[in-house]
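Report on the structure given below.
Numbering (my numbering), first residue to last: -5 to 623.
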């Protein structure tokens, strides 16, 4: 009997042509009794969930926050999203409170000093009394976090059923409280008998378990109402599973939660091709791919290893995605909504590689900077792994060479000597989509030359019908072509084709005419990116319906310095690169000051502006090369 036959419910019909390895799988009769559940039983090597090496950093963080006032979350701040589109005025104090709560909890667990208990109890109690754990951007102005038909309330009212919405952060807050309860329930009982612990369990049940089970058929992210699911699905489900694993003593309810989660994860995995790519970008992979692993790890632990999916090739491939997207250090090929710099704890990535038997991922994650800072304390189970693990850096950083491919997304990564080039295909209906089919990222000596801006600060406009008025999301603010006043449009019909790799020549090519609407006049367009010891060449072979103004857009994070009548220099981090463009093209520069886009500073901290070089020429087509040396 195969694994799938053993654990699949009899008589289950495939809902879709595609079928994930989770389709029809059930946890029935496989879950351990609650008091036998051992989180990370096959991973944690000490009695404590905090490795001694992580204690100083945790205590330092907690001490720095101890004298801070607990930020207020007022009705006025909540209402700003609806009134003026601002998200940060509510979210910044919200996330600071979460960080404070986790820091005090972990510091108290590590030291058992009593020093942090009073402030921790204040935070926990205040959190338990919040009218909602969700964010206004998810609960106030859209229906993503609530079942269809529920009223949209300008302010959350936890006494109304309409307020039982379940978004990303309602789920993660519940999981975080579950972890805190798991680690410190004895201390809470000593300090405030019969209150804190019972209230935590009550609110997790009321805010997570009950709405999840009641409205699973209606929540879009759960996968039953629509085939469109993204990172919300594994993120929310992994946090619900974490909370259930640590707090749900009702065996029947815990089994129902687990089986419901397995069904939703199956739908999500159906949307991921066998190659395991994440079209939302490397930043969102932590919420998507890594959360998928976390969900399956919780199930593995809750069943004592009886439900073990880690030998599935798709999961092993998913574990490699982040490594493939890495340029060097904390720099990543930040296609889609993602910063260029990712300051993350990579111990869970190491765990993903370990469980799936992917030694390359383990070596790469070990080479990354993974200090336990609590800055990304967003996920209950993930935080436990981050706390109990210390990665030993290898003597030499692990870095792929030559050609690396993420074929399901049409991504190619080319390395030779000091040069790096990433090349993106795909389509313009990806989750967190940018109109960026055919764009490039180019680095020299680990310094940026041609960049992807990444995402800007989220506002109400970001996920509205005005999304493609924002520079970060428009094709002309990527390293793409445009004609006249046209640019790429959103939609799956706008896509790359004929993705091809020449490993020997260190080159990648694709045809891009279908990435543009007919109004562009592009009849045929092949783009080839190649890397040698001498530099990077980006070749555009294009045929237009008649003579038009062809524009080559090049995006930089440093001011271009003209060198000749067809070249300019870019100097970043002390590294100078010369960009040469075809003869006969006019040269112009548009400046986007970072004072007007301060969020971009996260990706390019040494820059004062983003520069768009516009190379333009009247032509009916030809072969046009841009080189970086």
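From the three backbone atoms N, C-alpha and C, an ideal C-beta is built for every residue, glycine too.
Which whole-angstrom value describes the C-beta separation of residue i and residue j, a residue pair presumed to lie in contact below a C-beta threshold of 8 Å?
i, j, result
"residue 284", "residue 182", "So it is not a contact: roughly 30 Å between Cβ atoms."
"residue 240", "residue 289", "No, residue 240 and residue 289 are not in contact; Cβ-Cβ is about 14 Å, not under 8 Å."
"residue 251", "residue 242", "7 Å"
"residue 416", "residue 327", "4 Å"
"residue 432", "residue 521", "5 Å"
"residue 338", "residue 280", "7 Å"
"residue 402", "residue 267", "4 Å"
"residue 122", "residue 193", "5 Å"
"residue 501", "residue 524", "4 Å"
"residue 350", "residue 291", "Contact flag wrong, Cβ pair sits at about 11 Å."
"residue 190", "residue 261", "In fact, because the Cβ distance is near 37 Å, the residues do not count as touching under 8 Å."
"residue 282", "residue 224", "7 Å"
Starting from the C-beta of residue i, find all residues in its chain whose C-beta is less than 6 Å away, skip the five residues before and the five after it, and write them out in chain order.
i, result
"residue 550", "564 and 605"
"residue 98", "56, 110, 113 and 114"
"residue 497", "397"
"residue 6", "Annotation note: pLDDT 32 at residue 6 (below 50); position unreliable, no value reported."
"residue 302", "294"
"residue 483", "511"
For residue i, which residues in the same chain have their Cβ closer than 7 Å to its Cβ, ignoring the five residues on either side in sequence?
i, result
"residue 233", "165, 166, 168, 169, 373 and 374"
"residue 485", "422 and 423"
"residue 468", "429, 462 and 481"
"residue 297", "21, 24, 25 and 26"
"residue 411", "527"
"residue 162", "132, 226, 229 and 230"
"residue 491", "504, 505 and 508"
Considering only C-alpha positions, which residue in the set the options is nearest to residue i?
i, options, result
"residue 535", "618, 570, 504 and 509", "618"
"residue 384", "572, 340, 485 and 579", "340"
"residue 478", "515, 467, 487 and 508", "515"
"residue 405", "443, 342 and 316", "316"
"residue 313", "488, 291, 271 and 325", "271"
"residue 438", "567, 15, 199 and 338", "567"
"residue 395", "407, 280 and 204", "407"
"residue 103", "52, 543, 585 and 474", "52"
"residue 580", "409, 612 and 88", "612"
"residue 382", "471, 71, 89 and 100", "100"
"residue 376", "474, 26 and 38", "38"
"residue 419", "425, 350 and 493", "493"
"residue 607", "591, 588, 621 and 584", "584"
"residue 71", "362, 191, 84 and 599", "84"
"residue 586", "602, 577, 574 and 575", "602"
"residue 330", "223, 318 and 447", "447"
"residue 204", "90, 244 and 223", "244"
"residue 254", "224, 278, 276 and 215", "215"
Does residue i pass the burial test, meaning 16 or more other C-beta atoms within 10 Å, or should it be called exposed?
i, result
"residue 35", "exposed"
"residue 386", "exposed"
"residue 196", "exposed"
"residue 400", "buried"
"residue 615", "buried"
"residue 188", "exposed"
"residue 40", "exposed"
"residue 106", "exposed"
"residue 333", "buried"
"residue 4", "Because the pLDDT at residue 4 is just 35, under 50, the model does not fix this residue reliably, and the value given afterwards should be weighed accordingly. Under this definition residue 4 is an exposed residue."
"residue 609", "buried"
"residue 108", "exposed"
"residue 558", "exposed"
"residue 220", "exposed"
"residue 540", "exposed"
"residue 66", "exposed"
"residue 518", "exposed"
"residue 222", "exposed"
"residue 434", "buried"
Can you find the residues in the same chain that come closer than 8 Å, C-beta to C-beta, to residue i, ignoring five residues on each side of it along the sequence?
i, result
"residue 69", "149"
"residue 593", "449, 450 and 451"
"residue 543", "477, 478, 610, 611 and 612"
"residue 28", "242, 243, 245 and 248"
May I ask you to report which of helix, strand or coil DSSP gives residue i?
i, result
"residue 47", "helix"
"residue 521", "strand"
"residue 380", "helix"
"residue 472", "coil"
"residue 442", "strand"
"residue 83", "helix"
"residue 615", "strand"
"residue 387", "coil"
"residue 437", "strand"
Beta-carbon of residue i versus every beta-carbon of chain C: anything under 9 Å?
i, result
"residue 448", "Any reference to chain C falls outside this structure, which holds one protein chain only."
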